[in-house]
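Residue numbers (the numbering used here): 142 to 441.
Structure (structure tokens):
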């Protein structure tokens, strides 16, 4: 039976394509070489079926490209039972590419977990306000890190309704909210330099946590612009307080994202809490559902 390598085939009613993606093969080669050096035939056998297997001559051509790109290195070594053979190992840029693969993979997992979590929880906006904290009337500022997402629009709508339909001040890129009918005002500046006088805002809401090195300045700036009795709220999508207890997959994702890829928004809750406590005497935090933490503080 002859099957064209690019033709889809059906197995038990499911269509499969035998088309081979060069980029996916290259990434899988790097993952295989991260375990041990291999020669071309062993690399071909190491490729999983879902990636597809190129012809051996094609694989060698791609390996040559990868070597010229610095992704892999090779040398001729004596064969155990025959002629010499070329053995490949990770090159200087291979480690960098593996790190990119790891970061992108964690980002995808966090994205879908966050979507699942919000879909599963119908009461999120019912618990955002701390009952024992008395709100003051006035302007509300909203900012999102690293930027506004579709889900933030629901929070903006909630805050506007709660403030008698008054427009919110939005800090940062307002393109997304400008496509809606939500009332808002674009605020100039950034979270470390908000373009309003002292004690001008009743509430500041942050969706996500500012970058670690900017967090102390950001919290101090939020305190500056709040009126007496004003409230700061930070909705942290991935904040954790307990020390890692065991080398589980979840703990690996948490520790790796926190320390290697802080831009993904995973934070150690105690670190954020310490910065807030240094600026506010009345503050706290509560977890709405696993990992989703709301930090709050009141200016006194």
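We treat Cβ as the ideally placed atom computed from N, Cα and C, and that holds for glycine. No experiment lies behind these values; they were computed from the predicted model shown.
Using only CA atoms, which one of the options lies nearest to residue i?
i, options, result
"residue 407", "389, 319, 376, 271", "376"
"residue 346", "229, 294, 389, 161", "294"
"residue 440", "309, 341, 221", "341"
"residue 332", "245, 325, 360", "360"
"residue 366", "388, 198, 339, 385", "339"
"residue 427", "252, 269, 221, 195", "269"
"residue 212", "248, 421, 164", "164"
"residue 394", "207, 318, 167, 245", "245"
So, for residue i: in the same chain, excluding its five sequence neighbours on each side, which residues have a beta-carbon less than 6 Å away from its beta-carbon?
i, result
"residue 379", "406, 407, 432"
"residue 356", "416"
"residue 142", "Confidence at residue 142 is low in this model, with a pLDDT of 33, below 50, so its placement is unreliable and no value can be given for it."
With DSSP run on the structure shown, which of helix, strand or coil describes residue i?
i, result
"residue 439", "strand"
"residue 267", "helix"
"residue 445", "Limits of the chain in this structure are 142 at one end and 441 at the other, which puts residue 445 out of reach."
"residue 290", "coil"
"residue 161", "coil"
"residue 167", "helix"
"residue 363", "helix"
Suppose you measure from the CA of residue i to the CA of residue j; what does that come to, to the nearest Å?
i, j, result
"residue 129", "residue 369", "Here the chain has residues from 142 to 441 only, and residue 129 is not among them."
"residue 271", "residue 282", "18 Å"
"residue 136", "residue 382", "Look at the range of the chain in this structure, 142 to 441, and you will see that residue 136 is not part of it."
"residue 305", "residue 326", "15 Å"
"residue 215", "residue 199", "17 Å"
"residue 317", "residue 285", "12 Å"
"residue 349", "residue 273", "24 Å"
"residue 208", "residue 301", "56 Å"
"residue 181", "residue 247", "29 Å"
Apart from the five residues on each side of it in sequence, which residues of its chain come closer than 8 Å, Cβ to Cβ, to residue i?
i, result
"residue 172", "239, 242"
With a CB to CB cut of under 7 Å and the five nearest residues on each side skipped, what residues in its chain are close to residue i?
i, result
"residue 258", "430, 433"
"residue 277", "343, 368, 370, 371"
Touch check for the stretch 183 to 196 and the stretch 232 to 240: three-plus C-beta pairs under 8 Å? Segments in contact, no.
State whether the stretch 226 to 236 contacts the stretch 171 to 186, with contact taken as three or more CB pairs (one from each stretch) at a distance under 8 Å. Result yes; three or more Cβ-Cβ pairs closer than 8 Å.
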